[in-house]
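Residue numbers (the numbering used here), protein chains in the order written: chain A, 400 to 1141; chain B, 400 to 1141.
Taking it in order: structure first as structure tokens, then the write-up.
Number of protein chains: 2
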Amino acid sequence: MASSSSSLSLSQALLTKPTSHPSPSPSPTHLSLPTRLRQNPSFTSHRTTALSHRRRHPTITPIRASVSVETLEKPTADASLVEKSVNTIRFLAIDAVEKANSGHPGLPMGCAPMGHVLYDEVMRYNPKNPYWFNRDRFVLSAGHGCMLQYALLHLAGFDSVKEEDLKQFRQWESRTPGHPENFETPGIEVTTGPLGQGIANAVGLALAEKHLAARFNKPDNEIVDHYTYTILGDGCQMEGVANEACSLAGHWGLGKLIAFYDDNHISIDGNTEIAFTESVDSRFEGLGWHVIWVKNGNTGYDDIRAAIKEAKAVKDKPTLIKVTTTIGYGSPNKSNSYSVHGSALGAKEVDATRKNLGWPYEPFHVPEDVKKHWSRHIPEGAKLEAEWNAKFAEYEKKYKEEAAELKSLINCELPAGWEKALPTYTPESPADATRNLSQQNLNALAKVLPGLLGGSADLASSNMTLLKMFGDFQKDTPAERNIRFGVREHGMGAICNGIALHSPGLIPYCATFFVFTDYMRGAIRLSALSQAGVIYVMTHDSIGLGEDGPTHQPIEHLASFRAMPNILMLRPADGNETAGAYKVAVLNRKRPSILALSRQKLPNLPGTSIEGVEKGGYTISDNSTGNKPDVILIGTGSELEIAAKAADDLRKEGKEVRVVSFVSWELFDEQSESYKESVLPAAVSARVSIEAGTTFGWEKIVGSKGKAIGIDRFGASAPAGKIYKEFGITKEAVIAAAKELI
Amino acid sequence: MASSSSSLSLSQALLTKPTSHPSPSPSPTHLSLPTRLRQNPSFTSHRTTALSHRRRHPTITPIRASVSVETLEKPTADASLVEKSVNTIRFLAIDAVEKANSGHPGLPMGCAPMGHVLYDEVMRYNPKNPYWFNRDRFVLSAGHGCMLQYALLHLAGFDSVKEEDLKQFRQWESRTPGHPENFETPGIEVTTGPLGQGIANAVGLALAEKHLAARFNKPDNEIVDHYTYTILGDGCQMEGVANEACSLAGHWGLGKLIAFYDDNHISIDGNTEIAFTESVDSRFEGLGWHVIWVKNGNTGYDDIRAAIKEAKAVKDKPTLIKVTTTIGYGSPNKSNSYSVHGSALGAKEVDATRKNLGWPYEPFHVPEDVKKHWSRHIPEGAKLEAEWNAKFAEYEKKYKEEAAELKSLINCELPAGWEKALPTYTPESPADATRNLSQQNLNALAKVLPGLLGGSADLASSNMTLLKMFGDFQKDTPAERNIRFGVREHGMGAICNGIALHSPGLIPYCATFFVFTDYMRGAIRLSALSQAGVIYVMTHDSIGLGEDGPTHQPIEHLASFRAMPNILMLRPADGNETAGAYKVAVLNRKRPSILALSRQKLPNLPGTSIEGVEKGGYTISDNSTGNKPDVILIGTGSELEIAAKAADDLRKEGKEVRVVSFVSWELFDEQSESYKESVLPAAVSARVSIEAGTTFGWEKIVGSKGKAIGIDRFGASAPAGKIYKEFGITKEAVIAAAKELI
């Protein structure tokens, strides 16, 4: 995490799992193959007919096979080999799901054509370095169809998905889990599965590219230059988070975002007609996207190619390519039905499908000509990366400073001494709301952290998140770093996950009122699971926000995040603790942090420190000796002040009182037993906690004999001081509880 | 809650707070008033100009003042009196916010014209019985603008909002809290504030009307017949939950849903141009709505009236009336800016606004002619209800059975003996997944509960939620009770809140995988806060779902809901407990219930019972005497079986072991101290809990000396049995822990 060498190869070190598989056989046997790979014509047209009944396409001109198609990237294979490759993808998916007797064969069978075109003809990547910075990004938003991507990574030569991995699909510790996991499988950019997240992540990836390109590209050297592709299904389209993110993508004009909508009309409950009859085309046009319709996604390869070409030509808008496909294409009895969505086909139907598609091979077999055809991606990928490295060397010569900065973003090198920028405070510093102190920290860090960027869900002036030295990231000012998310919390979180996972050195933050984490919890959980170090700046963190009332007052939220794995829940009490929370958040690049911050003013307390925050819980004041106080008062955030005041009064009465700030339970848990004992000695059972939130979970800290003061009901609309008093979150309550226990 | 008398007047009893205000003075003093109430012309046109630059309106024909406008409902006031009434609304809002020095004056000032037209000219309601069944429903989705609605309720004569209530705006225990709360203020249909929820609630209200109308209306007697109106702002429009719900509203063809979009271009961060440049018109047309644009919402009363007329004429689609307004209309220096959104105007600007709008009155004053004009709503409302009661009497004579059923829905009378329909099980009953047992319960209840309706977010066949005796609620089959929500969890929850709050006897349920409560937590929290007894059927409740992996496996979710106020988190272990969970859920009409249900098969255990579930925690087996077992093993849901098996083994070794099912923490908390002591005696500190989820919070139950077995990391993709073993959620782990403690 500290400043490191100038080598770019650190990105290689990001390969989180060693690849221990043996190399492929050096002289593969050649097989003679039938070339009669025409599919059943019944799959090619009936969807289009059905379609015309039910959806309006007011202005979309469909791409037709008769349109003259220029070759897109490289003419790579004749038509029969393409179809053989596509069927290879289909059968790898069929076979893996069949072996696991679990999984989703329908999407890979329907999307194999677009998958093939993307990974074999269009995308630029290096199979031997999945973390090459300038690679095209691909997100399977419809993550349940992950066998599509595993098959593609396998064919393309990624070490993470060997044949034995495919055979371990959905098994314990395999690299082919049931949904794509970025932390398990190099080549997977983001974890998907929960619908709608992936397309929103893709918006974040495309934002990151546009931002970095604007910051670093030079007229003579466009060092940042890649596309972001995604496949999303009907399910993703129905999710609100997708609409939020796509509205922003249109607003920002993310022209290098190309989304394939797998329009197969089938979801788990059957035909999408039962719940989804909107015109997606009209909606996306309204959102400011370019929309293309490929009517025959099952065999219309040239149409898919032409659509991608058209999409790339439209530089000021993201493109949605609606590709009408048949789910489970090739299965004579199950295609175009929900039965092929989420279950193995069954031996009988697998046989029927093999027969139908003319596929004579054993399970998991990749025909030699297909293998040979795809094998070029290893040298070509190496060449792409080498060319880019040469380009970077040129760039470095000419633009030394920018090159160093870009390198630090690629390799996640924080500038040496960055933490010295954090402000510090004394008890004499003026009282202030931690949301304001947060803004001081953000603005101090913006000067030293080139990867810091972010914004608020339309509450910038309440969350205090504007970076004053930068303007707004907008369509025409993409080098700026203040992101305006609008009132779209869920999309905001998912977009930030995409930014964080684009480049290890990007440090996205996002903000709203703490209570509205309820709107974005799906995205926050994925930050935690997929190790995206997003910083969540959550202000108005208690009843202390006052008059806005119970809909706006978090009660259960601290507990609900303390219960979530791999996330840091931080509730700083004053200036030094806010700085400490930022130090922790910046250093934790592989887990997200949530900062709960006050709306109301808080004094700077004697004894608080950045170092203390790093330990999660620590003593801020103590008049006892021998690690045996009469009582320990424990507070967090805005209530630490109350604990400190109660201690003052109790000490005046001769009591030996320790005050502990418990800013992060997770960090405290990670300390040594001896440190924990030094703060919360087992022998002292007289413990009182105070926090303006639920007492749920506090038994762990105060013990069976202690007392937790908190709020186990919804809040109320009134001035903050009044609510504190009525709810008994007071110094007097702490003193009374302490006296009962001493 | 039990079967009751046939009186309709029970709905009156739903008035949750007594109205203790004195009656208005019988002879109000007449004041002589100026009639020069022309507003500043600068407010009438500039928005339209700005608009034409930034939004596309491809097909929407704007309503223009020149269009010949037929009188809508009743010609009620001359133009100057209308404007005076509108300014009264504006100044009540201004004055209340000013007095509180907190609140949102901008929306009420801009939306006063549409608010006036709705409450004074269009809506049918009875101020003296806010719970009259056939009233038109109104939802202020932009809940921060609640002074608009409080002012309207005040003028209309609702007892809940007297002048002294307006003066107590945002104060402790007032009936005019900072956001509208249905449980505080009769006349408020649903709690709003968190953006996007209200429009989704409105979809639920309109669904309920369409459903009940289809079930109960007769060609000669349309006993169910009302509209649902809502006002939403730019913020609501950006939220994904709104898009989800509006997509469904279009799909269902909810023609009696009329939504006013307050298109004022200002949100908290400034001009919406910074984050919101989509064409809302195109999007809503894509969603299947009828869209009308009122270009001048500030003074275009006839345009507003004409738009409502047009909306009512379109019977097969919901209508969005985009009303372009000026936020803070009338304030010479702050209108059309974010500064008027969420803060008091300040004394100086209040004066300037009074001058600008020609308003000579003291704060909170309602001019006598305005008062007199509005006073007709009390007799008219009484008449409307009396007419409807007469209509109902006719209906009752002719359609006795239907009338009784409708009455039971209006008054929330559960049929006598309904709970006898709940299935019961013995240990000999076949092992089954609790999701399947849930389906047996739902289908048994559907036969006896006329108010039960619901569905799944595209997982009906996984959640097992289909009611076999009914078809799908669809546009043309609205009397059916299976609702197909599509993959829209958040919209689903919010729509169910609307259904629940439409009529006390409606019992909506909705379903998805438990982990996806993360997507709908915003709506679930509002169920809890606003006392909507929605039943959340949440299957696949642990790592027991197996191969789908960590994105699908809930870990922290049980804890996160146990921490939430006013909600029941139930995790039944087998058939009897599932029946018990349904009994509890149905009886709790003023708090929501979440049922966490297994994907995997579970045996029916000896000792489980419906009565046990009602107590939250209870002993299912015990070989000890004198309330002093050697150890207490505590399990929930699928892990209760493991606890029972561990007990069997321990007993064979001579130990005295109690097994406790802890199906609902909240219900257990509500039991008497002596009951709690009988289950978990304080003297027995040897306690082991087992639950396939986070251990967070379990210290409260097992105590400092006990041991909680659980999972404090994310899950994994593998067959369920394998994961249980690898994660140590096993009988062996329970036995080992118990032996350590004994």
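Each residue gets a CB set at the ideal place from its N, CA and C atoms; glycine is no exception.
The structure presented is a predicted model; accordingly, all values stated were derived computationally and were not measured.
Beta-carbon spacing of residue i, residue j below 8 Å
i	j	result
A648 of chain A	H901 of chain A	no
A899 of chain B	V936 of chain B	no
M968 of chain A	Y728 of chain A	no
H889 of chain A	A922 of chain A	yes
E643 of chain A	R887 of chain A	yes
L783 of chain B	P504 of chain B	no
G897 of chain A	C811 of chain A	no
V538 of chain A	E588 of chain A	yes
I720 of chain B	N663 of chain B	no
F1095 of chain A	R961 of chain B	yes
I906 of chain B	G603 of chain B	no
D390 of chain A	T1018 of chain A	The first residue shown for chain A is 400 and the last is 1141, placing residue 390 of chain A beyond what the model contains.
D750 of chain A	H625 of chain A	no
E1098 of chain B	E1098 of chain A	yes
Rounded Cβ spacing between residue i and residue j (contact assumed at less than 8 Å)
i	j	result
G652 of chain A	D715 of chain A	5 Å
A1136 of chain B	I1108 of chain B	6 Å
Q930 of chain A	K989 of chain A	4 Å
S1116 of chain B	P576 of chain A	3 Å
A927 of chain B	P964 of chain B	6 Å
L554 of chain B	V765 of chain B	7 Å
M546 of chain B	L491 of chain B	7 Å
Identity of the residue in the options nearest residue i by Cα
i	options	result
L994 of chain A	A:V496, A:L1001, A:K982	A:K982
L1049 of chain B	B:I587, B:A641, B:F872, B:K1138	B:K1138
I809 of chain B	B:V623, B:K1051, B:Y1074, B:K1106	B:V623
L1001 of chain B	B:L852, B:G1120, B:V560, B:E1098	B:G1120
G850 of chain A	A:R880, A:T833, A:R775	A:R880
A367 of chain A	A:N835, A:I1031, A:T724, A:P949	There is simply no residue 367 of chain A to check, as chain A begins at 400 and stops at 1141 in what is shown.
I665 of chain B	A:G885, A:Q952, A:T752	A:G885
A601 of chain A	A:F1061, A:L865, A:P717	A:P717
For residue i: DSSP bridge partner residues
i	result
P907 of chain A	A:L852
D1021 of chain A	A:R1057
F763 of chain B	According to DSSP, F763 of chain B bridges with nothing at all.
Q873 of chain A	A:T876
I630 of chain A	A:L539, A:F659
#### Entry: Residues, ordered as in the chain, of the region 854-883 of chain A that lie near chain B by beta-carbon distance below 8 Å
For the region 854-883 of chain A, the set of residues with a beta-carbon nearer than 8 Å to any beta-carbon of chain B comprises S855, D857, L858, A859, S860, S861, D871, Q873, R883, in chain order.
### Message
Residues of the region 944-975 of chain A in Cβ contact with chain B at a cutoff of 8 Å, in chain order, please.
### Response
Listed by position, the residues of the region 944-975 of chain A near chain B (Cβ gap below 8 Å) are G945, E946, D947, G948, P949, T950, H951, I954, E955, A958, S959, R961, A962, M963, P964, N965.
### Query
According to a CB-to-CB cut-off of less than 7 Å, which residues of the region 1037-1052 of chain B neighbour chain A?
Residues passing the 7 Å Cβ filter: none.
### Task
Taking a Cβ distance cut-off of 7 Å, strictly less, list which residues of the region 983-1014 of chain B are near chain A, in chain order.
Contact annotation: in the region 983-1014 of chain B, no residue has its CB less than 7 Å from a CB in chain A.
### Query
At a Cβ cut of 8 Å, what residues of the region 570-591 of chain A count as close to chain B, listed as they run along the chain?
From the region 570-591 of chain A, only Q570, W571, E572, S573, P576, G577, H578, E580, T590, T591 have a Cβ closer than 8 Å to chain B.
### Within 7 Å of chain B by C-beta, residues of the region 1082-1106 of chain A in sequence order
So the list reads T1093, F1095, G1096, E1098, K1099, G1102, S1103, given in the order they occur along the chain.
### Task
Give the residues from the region 882-896 of chain B that approach chain A closer than 7 Å (Cβ to any Cβ), ordered along the chain.
For the region 882-896 of chain B, the beta-carbon criterion of a distance under 7 Å to any beta-carbon of chain A is satisfied by R883, F884, G885, V886, R887, H889, G890.
### Task
Anything in the region 654-678 of chain B with a Cβ closer than 8 Å to a Cβ of chain A? List those residues in chain order, please.
Taken in chain order, the members of the region 654-678 of chain B whose beta-carbon sits within less than 8 Å of a beta-carbon on chain A are S666, I667, D668, T671, I673, A674, F675, T676, E677, S678.
### Query
When Cβ atoms are compared, which residues of the region 687-698 of chain B fall closer than 7 Å to chain A?
Going along the region 687-698 of chain B in chain order, one finds G687 with a Cβ nearer than 7 Å to chain A.
#### Entry: Near-chain B residues of the region 712-746 of chain A - C-beta to any C-beta below 9 Å
Here the close residues are Y737, G741.
### Message
Along the region 631-646 of chain B, where does the CB come closer than 7 Å to a CB of chain A? Name the residues.
### Response
Within the region 631-646 of chain B, contact with chain A at the beta-carbon level (separation under 7 Å) is assigned to G634, M637, E638, G639, V640, N642, E643, S646.
### Query
Going along the chain, which residues of the region 1106-1132 of chain A sit with their C-beta nearer than 9 Å to a C-beta in chain B?
Hits within the stretch, in order: I1110, D1111, R1112, F1113, A1115, S1116, A1117, P1118, K1121, I1122, E1125.
### Task
Output, in sequence order along the chain, the residues in the region 498-524 of chain A whose CB is closer than 8 Å to any CB in chain B.
Within the region 498-524 of chain A, the qualifying residues are A499, S501, G502.
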